[in-house]
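Encoded as structure tokens, the structure appears first; notes follow it.
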Amino acid sequence: MLAFLQDYTIQTVAMGAALLGTISGVLGCFAVLRRQSLLGDTLSHAALPGICLGFLWAGARELEALLAGAFLTGAAAALLVLLIAARSRLKTDAALGIALSVFFAIGVVLLTRIQAGGGGGQAGLSTFLFGQAAAMLRADLWVMAAVTAVAILIVVLLWKEVKLVTFDPGFATAAGLPVVALEIALTVMIALAIVVGLQLVGVVLMTAMIVAPPVAARQWTRRLETMVLLSAGFGVAAGVTGAMISATARGLSTGPVIVLAISAIVLVSLLIAPGRGLIWTGLAALAERRRLRGRQVLLTLYRLAEEHRDPAYPAEKGTLDAYHRAATGPALARLEAEGLVRSVSHHPEPTPHWELTPEGHARAEDLAGRPERAK
Amino acid sequence: MIGALLDSIPFVIIATGALVGIAASLVGTFLVLRGSSMLSDAISHSIVFGIVVVWLFTGLTTGPLQIAGAAAAGLLTVVLTEALARTRLVRNDAAIGLVFPALFAAGVLLINLYGRDVHLDEHTVLLGEIGFVWLDTVDVAGQPVPRALLGVGALGLVNLGFVVLFYKELKLATFDPALATALGFAPAALFYALLALTSATAVASFDAVGAILFIAFVIVPPATAILLTDRLWLILVLACGVAILSAVAGYEAAVIWDVSIGGMMATMTGVWFALAFIFAPRHGLVARELARRRDRLDIDCRSLTAHLYNHEGGPEAEEENTARALRDHLRWEEGRTRRVILRALDRGFIARDGRLLCLTPKGRAEAHAIFEPWRRGMTAGEPPGPEKASG
């Protein structure tokens, strides 16, 4: 285990994955909160032509050139989406789809152009489709770290403004903030996160790294500060886990493993996040249904007793079941545990009967008389 | 004749590309109009999962079972997305972005694990290879027909039948889903059928153009057509036309530059879109800009008549009703003043009298309509009365 952690490649990959998790977790929060989740998808696909252009420009697989290219075409695609949505009758979703597919197609064309041109260096390019952690170099880490640092620095410096633009752009405009500039900055910065993730996750699945960590983090908190930190944490955890698995098992593309890891985190968060989680809300709904059913049964018993002018009127269980069109056994058992009803036998009938206890009668009277205070 | 055509490799490739485009545009038009374009993105990614699962169980990579499996995977994506959005823990767009990467990642990993040496590999899945479709043929009436051509051709016919048969319902459900529901149509069921057809078309097309380029054929030709016309049937026809043009031009360009044919065809759809976006007769950038300028000039003309009308016949008219006053009092710069005066002269609103600008009866009527719109239609040509607005 220790030897495993001391492996040079593994260390490199783990650090890269941690950087990726950090930047995509932080920037993704703003994308998701501003309902631009799918923009990440478009930007990451649009990075492909940039990678190819970077390669053609540098003449070799130089990371700086590739990432610069990816950033430029990603940003161009983002601006194109804004332009199409603002200046034509097409909606944002169509603009996203157009930019995504056409940029990717251009990327495919350039990729085949490079491959047709021959040369040794192009071999690494198609790993950008799905990511190949093992192909990462220690030197690449510095580039990724620098991009991450710039992005985090911008977010920290503009924290107040960014927060306001995210939650209330209308008020931000009224307050005199340069809202359009800030929105463009936030959008373009997503391209930065994608640039960092290209080597590990690849262009096709980067969208998951933008969307999933914030969604998971959102389940656990209502505060933006906490959400951003948690999101970065989830991103790091999924990135490192996925990269480790992919780097040690032969033949597994890194991107899909990381995506499945973060999807698992999302699933768990959706299920068990305190307060919001599906398990808790499901349990709360169940408890509420039971409480309601108990009150209904209690009131039925009460009405029967009123009807017969007998506070301890024994109602047959079959009658109650038929009345409620459901088995009332569990509800009766719970009421009995509360001491509100008791089981009696009503000679000569052999079937079980139930009657209200004095406490039950008082409670039911309370419910029937003052429904608004029913508790 | 048909045999000779099918023996020609360029024809087969172009025909396959064009049919992919037509089949995709027919369903894509309704997705784009409905605002669900990105669902085609999600579907085309997650059908990979369906294809791999069917392949794992049956060993088949093509055929009706594959198409059914992929259609199921596509629908699964949509159902999961909607279920996730309904929990209200996640917004709709984020739900799409969560579901399809997960399914796609699972599909790619299954290929990684079990599909090393077979026909399936992740690059084909992603990019397709339309250049090789003619290699894989089946005999139809003694004539070898490429399998991919047959597949997309069949799906194209199915889609065409669906659109023709349910044209009225689709139109209503797309533009007014509430009314469609109220009238007893089932827009939701129709929409699911549309998505199932989209998934099936995706898998039939996917040997040829791959999962991602398919998106270009679904979204871009309809989007181009929408910029060109307002008639639904014409949108469908134009979208198919754009798809065919893209297939032809894409093939030629790909051969010249020796690049991916599928990629070039998809790029071409983008070229047509760019042209339409800029030059479309009514909805293009240029047309919009021209219309905006024309509107602005017309509004300025109306302001000019109003200004002249206000000062007409008064002692200040000598000073106010001149080109200089427009510059100094209305703060119009030189060029704008000149354009407005020329336009107003053209339209017969004003006439020149030395330095003075005078209203013609027509111009006076225009100003009158601004200040006293309720008297529009009454005789308006006589000089303004004492009750006119001041200012």
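As given, the protein sequences belong to chains F and U, one line each in that order.
Under this note's numbering, residues 1 to 375 are what the first sequence spells out, in order.
Under this note's numbering, residues 1001 to 1391 are what the second sequence spells out, in order.
For every residue, glycine included, the Cβ atom is placed at its ideal position computed from N, Cα and C.
Because the structure is a prediction, the values reported are computed rather than measured.
For residue i, write down the residues that DSSP places opposite it in a beta bridge.
| i | result |
| --- | --- |
| F:ALA315 | F:TRP354 |
| U:VAL1140 | U:GLN1143 |
| F:ARG342 | F:GLU355 |
By DSSP, does residue i sit in helix, in strand, or in coil?
| i | result |
| --- | --- |
| U:LEU1357 | strand |
| F:THR377 | What is shown of chain F runs 1 to 375, which leaves residue 377 of chain F out entirely. |
| F:ALA145 | helix |
| U:SER1008 | coil |
| U:ALA1351 | strand |
| U:VAL1090 | coil |
| U:THR1322 | strand |
| U:PRO1373 | helix |
| F:ALA232 | helix |
| F:GLU349 | coil |
| U:VAL1020 | helix |
| F:ASP310 | coil |
| U:HIS1283 | coil |
| F:VAL165 | helix |
| F:THR328 | coil |
| F:ALA374 | Only weak support exists for where F:ALA374 lies, its pLDDT of 43 falling under 50; the value from the coordinates is given anyway. Reduced to three states, the DSSP call for F:ALA374 is coil. |
| F:MET136 | coil |
| U:SER1025 | helix |
Closest Cβ-Cβ distance between residue i and chain U: below 7 Å?
| i | result |
| --- | --- |
| F:PHE171 | no |
| F:THR207 | yes |
| F:SER101 | yes |
| F:SER263 | yes |
| F:ALA17 | no |
| F:ARG35 | yes |
| F:PHE167 | no |
| F:LEU43 | no |
| F:LEU53 | no |
| F:PHE234 | no |
| F:VAL215 | yes |
| F:ALA94 | yes |
Kindly list, in the order they appear in chain U, the residues whose Cβ is closer than 7 Å to that of residue i.
| i | result |
| --- | --- |
| F:LYS91 | GLY1035 |
| F:GLN219 | LEU1089 |
| F:SER88 | LEU1227, PHE1277, HIS1283 |
| F:ALA105 | LEU1213, ALA1216, GLY1263, ALA1266, THR1267, GLY1270 |
| F:VAL259 | PRO1101, ALA1102, ALA1105 |
Please name the residue, chosen from the options, that lies closest to residue i on a Cα-to-Cα basis.
| i | options | result |
| --- | --- | --- |
| F:PRO256 | F:VAL32, F:GLY131, F:ALA78 | F:GLY131 |
| F:VAL13 | F:LEU82, F:LEU43, F:ALA145 | F:ALA145 |
| F:LEU153 | F:LEU186, F:ILE98, F:GLY318 | F:LEU186 |
| F:THR148 | F:HIS324, F:LYS317, F:GLY21 | F:GLY21 |
| U:GLY1017 | U:VAL1271, U:ALA1216, U:ALA1189, U:LEU1228 | U:ALA1216 |
| F:LEU137 | F:LEU43, F:GLU62, F:VAL297, F:SER246 | F:GLU62 |
| F:GLU338 | F:GLY294, F:ALA46, F:MET189 | F:GLY294 |
| F:THR207 | F:PHE167, F:LEU340, F:LEU39 | F:LEU39 |
| F:THR112 | U:THR1174, U:GLY1263, U:ALA1243 | U:GLY1263 |
| U:ALA1202 | U:PHE1049, U:ARG1364, U:ASP1139, U:LEU1357 | U:PHE1049 |
| U:ARG1091 | F:VAL268, F:ARG34, F:ALA305, F:VAL109 | F:ARG34 |
| F:GLN115 | F:LEU56, F:VAL204, F:ALA247 | F:LEU56 |
| F:PRO169 | F:ALA264, F:TRP159, F:LEU158, F:LEU182 | F:LEU182 |
Just the chain F side, please: which residues come within less than 8 Å of residue i by C-beta, in chain order?
| i | result |
| --- | --- |
| U:SER1260 | VAL108, VAL109, LEU111, THR112 |
| U:SER1040 | GLY97 |
Kindly list, in the order they appear in chain F, the residues whose Cβ is closer than 7 Å to that of residue i.
| i | result |
| --- | --- |
| U:VAL1108 | PHE130, SER253, PRO256 |
| U:VAL1220 | ILE98, SER101, VAL102 |
| U:TRP1257 | ARG113 |
Would you say residue i faces chain F, with C-beta separation under 7 Å as the test?
| i | result |
| --- | --- |
| U:VAL1032 | yes |
| U:HIS1283 | yes |
| U:ILE1215 | yes |
| U:ILE1013 | no |
| U:SER1303 | no |
| U:ASP1093 | yes |
Residues of chain U with a CB under 9 Å from the CB of residue i: which are they?
| i | result |
| --- | --- |
| F:PHE30 | What F:PHE30 touches in chain U: nothing, since even the nearest Cβ is about 13 Å away. |
| F:GLY176 | Those within 9 Å of F:GLY176 in chain U number zero; the least Cβ separation is about 25 Å. |
| F:LEU270 | LEU1084, THR1087, LEU1089, VAL1090 |
Under 7 Å between C-beta atoms, does residue i make it to chain A?
| i | result |
| --- | --- |
| U:GLY1263 | In the structure shown, chain A does not exist; the protein chains are F and U. |
Consider the C-beta atom of residue i and the heavy atoms of the ligand ZN; say whether any pair is separated by less than 6 Å.
| i | result |
| --- | --- |
| F:GLN132 | Absence of the ligand ZN is noted for the structure shown, with no ligands found whatsoever. |
Residue i versus chain U: which residues are under 8 Å apart at the beta carbon?
| i | result |
| --- | --- |
| F:ILE84 | PHE1277 |
| F:GLY40 | GLY1097 |
Give the residues of chain F in contact with residue i, contact being defined as C-beta atoms less than 9 Å apart.
| i | result |
| --- | --- |
| U:ASP1346 | Chain F residues near U:ASP1346: none, gap ~29 Å exceeds 9 Å. |
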